[in-house]
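In mature numbering (1 follows the signal peptide of the UniProt record, and there is no 0), the protein residues as written are -28 to -1, 1 to 350.
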C-alpha cells in the first residue's frame, strides 16, 4: 500500500519570490542582529540545501557520543544549514559557558564564517546555534535491546480490547506488540496507515522513552510512547491503564491515523506533483513532526498564507532539494513562529537515527521491506 498514488496529483500553484540573500552592503551595516529570528527571516529558502544531512550528523554525534561529541562537556555550534562550525569546551558553570559560546559566535562572524552573530543567554537563543553534547538520558543500545525483547524490561504479555500479546511463559517483545496491534487494527479497518510507517513507530518507541514502561516527562507525558493524559483520554484509555504498553501502542497508531487523515489532503494539494517516492519521504517526516508537535502546527506549514511560503517554494523547486531538506526547511524557515522550535527537528532526526541503528543490528526481515524503506530515506 502506498501513501500516495499518481491519481492524486493536482496542478501546482506557482510559488512566490525567494527572500533576499545576505549582501555585503547589508552586512556592513552591523556586526550583529538584534534577534536570532532576524537571521532566520533574512535567509533564502535555498539555504535549506543540505540541512537534513547536516542536522542528522550533529544529532548522531550526540546520540552515539561520536564525532565532535566524544567528549560530553562540549557545545557544538552550527549555522542555518546545520553545518558544523566549531565545538566549545564547557566552562565550570552555565554562565561562563554561555560567555564562551558568545565569544565564539562573535569570532566566527569576524572571520567571515557566518554573516552575523547574535549573543545568547539563558532565556534567548543565540546565533550561530548551539547544542549540548551531554544528554545523559540517551542510551540507544539499551533502548533498542528493550524494543527487541533482548532486555527483560522489554518483554511482556497481556490483553487490550481483544488484542492478546504473548503469554506468561513466552512473552512478546515491543516489536511484536507493534506488529500485532497494527495488523489487528488494519483487519478491523480502524486504520488505513500503510506498513511502511511501522519503522517510524519503532523509532518512536526507542526514542520516546527508551522502552521504559514507567517513563514520565516534566510535561506529564507518560509510558513507552510518552502520551499525555489528554491524548490517552481521546484514545479511550482509562486512567488505570495509562501505562499499559499495548494500549500505548494502540493509542499511538490511532493518533497517527488521525494526523494522517488531517494532513494528507493538504499535503497532496501542495506536493502532489512530486515523484511518488519523494512525496512519501517528505510526508513521513512531517507525520513524525505532527506526532511530536501536533498536526495543527504541521498543517499550518502547508496552508497558512505566511507559514506556507517555504513549502510553496520547495514544491516549485523540489528538484534542488532532498526530501529531508524540504521537510526540515519548512520548519527551519519558520523557527520562532507558531511555537515552532528546534525540538521538532531534533526529534525527527533522532527517530531516523534510531531506525538506522535498529537496521544495522537486525536483519532486513525485522519489518517487511525494512531494508528498502530505510535505505531510501532522505
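The beta-carbon is built from N, C-alpha and C at its ideal position, and this holds for glycine as well.
query: Buried or exposed: where does residue 35 fall if 16 or more other Cβ atoms within 10 Å of its Cβ makes it buried?
result: The count along the chain shown starts at 1 and reaches residue 35 at position 63. Residue 35 comes out buried.
query: Whose C-alpha, out of 224, 189, 338, is nearest the C-alpha of residue 205?
result: On the chain shown, residue 205 is found 233 positions in, with the first residue counted as 1. Residue 205 has its Cα closest to that of 224, out of 224, 189, 338.
- request: Compute the Euclidean distance between the alpha carbons of residue -1 and residue 81, then round it to the nearest angstrom.
  value: Here residue -1 refers to the residue found at position 28 of the chain shown. Here residue 81 refers to the residue found at position 109 of the chain shown. Only weak support is given to the placement of residue -1: the predicted model assigns it a pLDDT of 35, under 50, and the question is left unresolved by the model.
DSSP three-state assignment for residue 130, whether helix, strand or coil: The count along the chain shown starts at 1 and reaches residue 130 at position 158. Strand at residue 130.
message: Measuring straight from C-alpha to C-alpha, what distance separates residue 341 and residue 88?
response: What you label residue 341 is simply residue 369 of the chain shown in a count that begins at 1. What you label residue 88 is simply residue 116 of the chain shown in a count that begins at 1. Because residue 341 sits at a pLDDT of 46, beneath the cut-off of 50, its placement in the model cannot be relied upon, and the following sentence gives the value as read from the coordinates. C-alpha separation (whole angstroms): 46 Å.
query: Does the Cβ of residue 275 have 16 or more other Cβ atoms within 10 Å, making it buried, or fewer, making it exposed?
result: Numbered from its first residue, the chain shown carries residue 275 at position 303. Looking at its Cβ environment, which holds fewer than 16 other Cβ atoms inside 10 Å, residue 275 is exposed.
query: Looking at the structure shown, is residue 7 part of a helix, part of a strand, or coil, going by DSSP?
result: Reading the chain shown from its first residue, position 35 is the one you call residue 7. The answer is coil: DSSP assigns residue 7 none of H, G, I, E or B.
Cβ shell of residue 264 (< 8 Å), same chain only, five flanking positions each side left out: On the chain shown, residue 264 is found 292 positions in, with the first residue counted as 1. 315, 316, 319, 320.
query: Does the Cβ of residue 64 have 16 or more other Cβ atoms within 10 Å, making it buried, or fewer, making it exposed?
result: Mapped onto the chain shown, residue 64 falls at position 92. With fewer than 16 other Cβ atoms within 10 Å, it is exposed.
Secondary structure of residue -6, DSSP reduced to three states: For the purposes of this step, residue -6 is taken as the residue at position 23 of the chain shown. Reliability fails at residue -6, whose pLDDT of 37 lies under 50, so the model's placement of it is uncertain and the value that follows must be treated cautiously. If DSSP states are grouped into helix, strand and coil, residue -6 belongs with coil.
- prompt: In terms of alpha-carbon separation, which member of 289, 249, 226, 312 lies closest to residue 268?
  reply: For the purposes of this step, residue 268 is taken as the residue at position 296 of the chain shown. It is 312 whose Cα lies nearest to the Cα of residue 268.
query: What span of residues does the alpha helix (DSSP H) with residue 110 cover, start to end?
result: Reading the chain shown from its first residue, position 138 is the one you call residue 110. Run containing residue 110: none; DSSP gives neither H nor E here.
message: By the three-class DSSP mapping on this structure, what secondary structure does residue 262 have?
response: Translated into the one-based positions of the chain shown, residue 262 becomes position 290. Helix, per DSSP.
query: Considering only residues of the segment 130 to 174, which uninterrupted alpha helix (DSSP H) runs meet the minimum length of 4 residues and lie entirely inside it, listed in chain order?
result: 146 to 159
Start and end residues, alpha helix (DSSP H) containing residue 275: Taking the chain shown and counting its residues from 1, one reaches residue 275 at position 303. Here the alpha helix (DSSP H) through residue 275 covers 267 to 275.
message: Assuming contact is defined by CB atoms lying nearer than 8 Å, are residue 285 and residue 17 in contact in what I supplied?
response: Counted from its first residue, the chain shown places residue 285 at position 313. Counted from its first residue, the chain shown places residue 17 at position 45. If you check the CB distance, residue 285 and residue 17 come in under 8 Å.
Residue range of the unbroken alpha helix (DSSP H) whose run includes residue 235: In the chain shown, counting from the first residue as 1, residue 235 sits at position 263. Start and end: 217 to 243.
message: Helix, strand or coil, according to DSSP, for residue 103 in the structure here?
response: Counting from one through the chain shown, the residue named residue 103 turns up at place 131. Three-state result, residue 103: strand.
field: residue 50 - containing beta strand (DSSP E), residue span
entry: Here residue 50 corresponds to residue number 78 of the chain shown, with the count starting at 1. Looking at the DSSP string, the run of the beta strand (DSSP E) that includes residue 50 is 46 to 50.
task: Assign residue 164 to one of two classes, buried (16 or more other C-beta atoms within 10 Å of its C-beta) or exposed (fewer than that).
output: Looking up residue 164 in the chain shown gives position 192. So residue 164 counts as exposed.
field: Beta-carbon separation (whole angstroms), residue 74 vs residue 92, contact threshold 8 Å
entry: The count along the chain shown starts at 1 and reaches residue 74 at position 102. The count along the chain shown starts at 1 and reaches residue 92 at position 120. The pair is a contact, with the Cβ atoms about 6 Å apart (cut-off 8 Å).
field: Whole-angstrom distance between residue 251 and residue 244, CA atom to CA atom
entry: Along the chain shown, one-based indexing puts residue 244 at 272. Along the chain shown, one-based indexing puts residue 251 at 279. In a straight line, the C-alpha of residue 244 is about 7 Å away from that of residue 251.
- prompt: Does the pairing of the segment 22 to 37 with the segment 297 to 307 give three or more beta-carbon distances under 8 Å?
  reply: Result yes; three or more Cβ-Cβ pairs closer than 8 Å.
- prompt: How long is the line joining the alpha carbons of residue 219 and residue 299, rounded to whole angstroms?
  reply: Position 247 of the chain shown, counted from the first residue, corresponds to residue 219. Position 327 of the chain shown, counted from the first residue, corresponds to residue 299. Roughly 30 Å between the two C-alpha positions.
Beta-ladder partner(s) of residue 59, from DSSP: Start at 1 with the first residue of the chain shown, and residue 59 comes out as number 87. Bridge partners of residue 59: 48.
field: As assigned by DSSP and simplified to three states, the class of residue 32
entry: Your numbering for residue 32 matches position 60 in the chain shown. In this structure, residue 32 counts as helix in the three-state DSSP scheme.
field: Three or more C-beta pairs below 8 Å linking the segment 178 to 186 and the segment 103 to 122
entry: yes
query: Once you ignore the five residues that flank residue 339 on each side, which residues in its own chain have a CB closer than 6 Å to its CB?
result: As a first step, residue 339 is located in the chain shown; it is residue number 367 there, counting from the start. 170, 171, listed in sequence order.
task: Quick one: grab the DSSP three-state call for residue 202.
output: The sequence position of residue 202 within the chain shown is 230, counting from 1. Reduced to three states, the DSSP call for residue 202 is helix.
- request: Inspect the beta-carbon positions of residue 98 and residue 77 and report whether they are closer than 8 Å.
  value: The count along the chain shown starts at 1 and reaches residue 98 at position 126. The count along the chain shown starts at 1 and reaches residue 77 at position 105. Yes. Within cutoff.
Residue 23, DSSP secondary structure in three states: In the chain shown, the residue the question calls residue 23 occupies position 51. Residue 23 falls in the helix class under three-state DSSP.
query: Where does residue 93 sit, in a helix, a strand or coil, going by DSSP?
result: Against the chain shown, residue 93 aligns to sequence position 121. In this structure, residue 93 counts as strand in the three-state DSSP scheme.
query: Do you know how far the Cα of residue 237 is from the Cα of residue -21?
result: Here residue -21 is taken as the residue at index 8 of the chain shown, counted from 1. Here residue 237 is taken as the residue at index 265 of the chain shown, counted from 1. Residue placement at residue -21 cannot be trusted, given a pLDDT of 44 that sits under 50; the coordinates are not used to answer.
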